[in-house]
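Peer 1: For reference, the structure I am asking about is given below.
There are 2 protein chains.
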Amino acid sequence: MEPLELLECSSPLTREPLDGEQAAGVARVFKALGDPVRLRILSIVASHQGGEACVCDLTAAFDLSQPTISHHLKVLKEVGLLTSERRASWVYYRIVPETLAELSGLLSVPVTV
Amino acid sequence: MEPLELLECSSPLTREPLDGEQAAGVARVFKALGDPVRLRILSIVASHQGGEACVCDLTAAFDLSQPTISHHLKVLKEVGLLTSERRASWVYYRIVPETLAELSGLLSVPVTV
DNA sequence: CATCGATATCGATATATATTGATATCGATA
DNA sequence: TATCGATATCAATATATATCGATATCGATG
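Keeping their order, the protein sequence lines are chains A and B.
Letter by letter, the first sequence follows residues 1 to 113 of this note's numbering.
Letter by letter, the second sequence follows residues 1001 to 1113 of this note's numbering.
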């Protein structure tokens, strides 16, 4: 299943009903955001210096096992919220601002109809 | 558990790490958005004439049982994404634009740091 | 090439959730 | 008040998911 691309031409949620396919694509991303650990991972990565954080930074920030953090990173990457790059022994994660921006736009409320 | 209020003073996700409590509050709302049926319900309600729709409008729009729609409406209401009002035999649902706006703001990406 | 540290994958489990049929509630009305 | 239509709640079930220990992979380094 592709990362995203489903939001490309999405209009704000309030303009017209989403069809089933659009809704399924968007829901995947929101579902990924619907976990407190993943939200914290995103905010840690985004606010980390250089806009990136390695897995070791993240495992250190939680009282959770390394496989659990790895699982959440995979979920966030699969829906297009994070990208990763390996450098030497470490893997660095970055947010994908376009995905956040698309979701933000989808939720933005028109000045009232 | 209260509807929301947890997002009141949230800064964009990218500014500083969310603490556990903030993340839990926000995650509840995103989790509610993480289902295609609920996203479609929201978009139908929001784009319906007058900005509201009754349950009968919604059950008619899905190939799902009435209890299932009622369940999803309850979830959306519990996290502060919908409000309801009973008029005669019908219950009308409306979106809570403030909640959408708060989420939108949380996901909005600064012009790059 | 053997080893070590960092990260990902696997298998198992406990919990959460989406869905439904049956039933309760609630307002309107005869 | 008996009944009817609209909606909510309940109980049960099937599926999904968060978590972890064990293990595999992968790059660096001796």
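By construction, the Cβ of each residue, glycine as well, lies at the ideal position given by its N, Cα and C atoms.
Computed from a predicted structure; not experimentally measured.
If you follow the beta strand (DSSP E) that Glu85/A is part of, which residue opens it and which one closes it?
Peer 2: Leu82 to Arg87 is the extent of the beta strand (DSSP E) around Glu85/A.
Peer 1: Got a sec, what are the start and stop residues for the alpha helix (DSSP H) Arg38/A sits in?
Peer 2: Its alpha helix (DSSP H) spans residues Pro36 to Ser47.
Peer 1: Decide if Arg1038/B is buried, meaning its Cβ has at least 16 other Cβ atoms within 10 Å, or exposed.
Peer 2: It counts as buried.
Peer 1: Does the Cβ-Cβ distance between Thr1099/B and Leu1073/B come in under 7 Å?
Peer 2: No, they are not a contact pair.
Peer 1: Roughly how many angstroms lie between the CA atoms of Arg1094/B and Ala1053/B, to the nearest whole one?
Peer 2: So the alpha carbons of these two residues sit roughly 7 Å apart.
Peer 1: Looking at the secondary structure, which residues open and close the alpha helix (DSSP H) in which Arg28/A lies?
Peer 2: Run containing Arg28/A: Gly20 to Leu33, per the alpha helix (DSSP H) assignment.
Peer 1: If you count every other CB in all the chains shown that lies within 10 Å of the CB of Gln49/A, and 16 or more means buried, which is it?
Peer 2: With fewer than 16 Cβ atoms within 10 Å of its Cβ, Gln49/A is classed as exposed.
Peer 1: Is Arg1015/B close to chain A, meaning its C-beta is less than 7 Å from at least one C-beta of that chain?
Peer 2: Judged by the 7 Å Cβ criterion, Arg1015/B is in contact with chain A.
Peer 1: Taking a Cβ distance cut-off of 7 Å, strictly less, list which residues of the stretch 56-69 of chain A are near chain B, in chain order.
Peer 2: From the stretch 56-69 of chain A, no residue has a Cβ closer than 7 Å to chain B.
Peer 1: In this structure, does DSSP put Val1055/B in helix, strand or coil?
Peer 2: Helix, per DSSP.
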